[in-house]
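Below is one structure, written out as C-alpha cells, with a few remarks after it.
Numbering (the working numbering), first residue to last: 267 to 581.
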C-alpha cells in the first residue's frame, strides 16, 4: 500500500460540527461516574453529540474496555482482557434510566477468552434494562463469538429488539481488515438468528473507502439479503490513528445516496448511508411495529401484575 494514501485530504463534507452543550457534558460525566464504557467514545464516533443530546440514544460497550482482537480499522484498545464485572449490567440499566434513553445499543469488546464470548453478561444487561426502563428498545451488537451457537441462544433469550452484527467490509478485504473474524461465519450468525427469531430484525454494517469496488459492495448486499438481513448501514471509514489502515478514497454523499437506493431495491427494510453514518446511527428509527407493540404489552402486563403505573416507559 502506498504511503501517499494516508495524506489524502478529507473532503469538505466530512467536517464535523461539535456540540458540547450542557446535556452532552452531563451525560459524559455520568458515564465516568458509573465507570461505564461507550463505543461512542472509544471508537471516536462523529455522531456522539447528536445521539446523546438530541436523539436520546447511546451505545454501551460492556465486558470491559480491552478487546482480545486487533482489527486494523478499530480504535478500541487491545490486550489482556479485564475480569468480568457482574455489576456492570445494573449500572448500564441505571444510566439508561437516568439519561431517559428511548433506544439503547449494547455492544462489547470481543472476549475470545470466555467460553460463551460474554453472552451471559449480554443477557443480564438486556434484562436489567428491561426491568428498569420497559419502554426503551434494546439492540445488541455482539461479536461472532467464534461460531459458538449455544451462546447465541443465551444472547437471544433476552429478546432484543434488533440483533446487529457487522460484516464491516467486503469478502475480499475481510482477512486484512478484521482480526480472527470470518466473512462467512458472520453471515451464518445472522442467518441463524433469523431462523431462531424470525420476527427479530437483523442488521449489519459496511465501511467504505478501504479499497473495495462498487461491484463488491453490491455482492456483499446480496450476501446479506440471502441470509435475510433486514437493515443495512453504510458509512465512510475514517483512519483513527496512523497505525490503522489507510483510507484509500472518500465517497461523495451522492455515491452514498446511490448505494442506499440499491440497498432498498434489493429488499432491505431500512438503510442508512452517508459519510458519517455508523452502525448505531438513527438506530431508534429502525425498531419495527412488532417491537413497539410488544413493549406496550410488556408495560401493560407489568402494571396489571404489580398494581403500579409505569412512569419510565420512554415510548
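Where a beta carbon is used, it is the ideal one built from N, C-alpha and C, also for glycine.
From a predicted model like this one, the values you see are computed outputs, not experimental measurements.
Buried/exposed call for residue i, threshold 16 Cβ in 10 Å
{"i": "residue 416", "result": "exposed"}
{"i": "residue 431", "result": "buried"}
{"i": "residue 508", "result": "exposed"}
{"i": "residue 277", "result": "exposed"}
{"i": "residue 489", "result": "buried"}
{"i": "residue 373", "result": "buried"}
{"i": "residue 502", "result": "buried"}
{"i": "residue 295", "result": "exposed"}
{"i": "residue 275", "result": "exposed"}
{"i": "residue 464", "result": "exposed"}
{"i": "residue 477", "result": "buried"}
{"i": "residue 523", "result": "exposed"}
Residues near residue i in its chain [Cβ-Cβ closer than 8 Å; skip 5 each side]
{"i": "residue 446", "result": "335, 376, 378, 412"}
{"i": "residue 280", "result": "502, 504, 516, 541, 542"}
{"i": "residue 454", "result": "413, 493"}
{"i": "residue 519", "result": "279, 540, 541"}
{"i": "residue 458", "result": "415, 418"}
{"i": "residue 408", "result": "373, 374, 383, 384, 385, 388, 421, 431"}
{"i": "residue 485", "result": "436, 437"}
Same chain only: Cβ atoms within 6 Å of residue i, ignoring 5 sequence neighbours per side
{"i": "residue 354", "result": "328"}
{"i": "residue 404", "result": "370, 392, 395, 426, 427"}
{"i": "residue 494", "result": "460"}
{"i": "residue 345", "result": "332"}
{"i": "residue 449", "result": "437, 440"}
{"i": "residue 442", "result": "none"}
Same chain, Cβ closer than 7 Å to residue i, five either side skipped, listed in chain order
{"i": "residue 452", "result": "410, 431, 433"}
{"i": "residue 308", "result": "A caution first: residue 308 carries a pLDDT of 48, below 50, which makes its placement in the model too unreliable to give a value."}
{"i": "residue 533", "result": "491"}
{"i": "residue 362", "result": "370, 395, 398, 399, 402"}
Option in the options with minimal Cα separation from residue i
{"i": "residue 513", "options": "475, 540, 483, 479", "result": "475"}
{"i": "residue 426", "options": "436, 401, 448", "result": "401"}
{"i": "residue 497", "options": "530, 279, 406, 506", "result": "530"}
{"i": "residue 343", "options": "503, 332, 538, 449", "result": "332"}
{"i": "residue 535", "options": "469, 486, 444, 295", "result": "469"}
{"i": "residue 357", "options": "346, 381, 347, 326", "result": "326"}
{"i": "residue 419", "options": "440, 462, 444, 442", "result": "462"}
{"i": "residue 506", "options": "465, 330, 299, 337", "result": "337"}
{"i": "residue 347", "options": "363, 380, 524", "result": "380"}
{"i": "residue 421", "options": "387, 454, 440, 441", "result": "387"}
{"i": "residue 479", "options": "364, 471, 525", "result": "525"}
{"i": "residue 471", "options": "537, 362, 364", "result": "537"}
Proximity of residue i and residue j at Cβ, strictly below 8 Å
{"i": "residue 436", "j": "residue 499", "result": "no"}
{"i": "residue 429", "j": "residue 466", "result": "yes"}
{"i": "residue 384", "j": "residue 424", "result": "no"}
{"i": "residue 351", "j": "residue 382", "result": "no"}
{"i": "residue 339", "j": "residue 456", "result": "no"}
{"i": "residue 487", "j": "residue 528", "result": "yes"}
{"i": "residue 368", "j": "residue 323", "result": "yes"}
Cβ distance (whole Å) where residue i is taken to contact residue j below 8 Å
{"i": "residue 606", "j": "residue 438", "result": "In this structure the chain extends from 267 to 581, so residue 606 is not present and cannot be described."}
{"i": "residue 360", "j": "residue 398", "result": "7 Å"}
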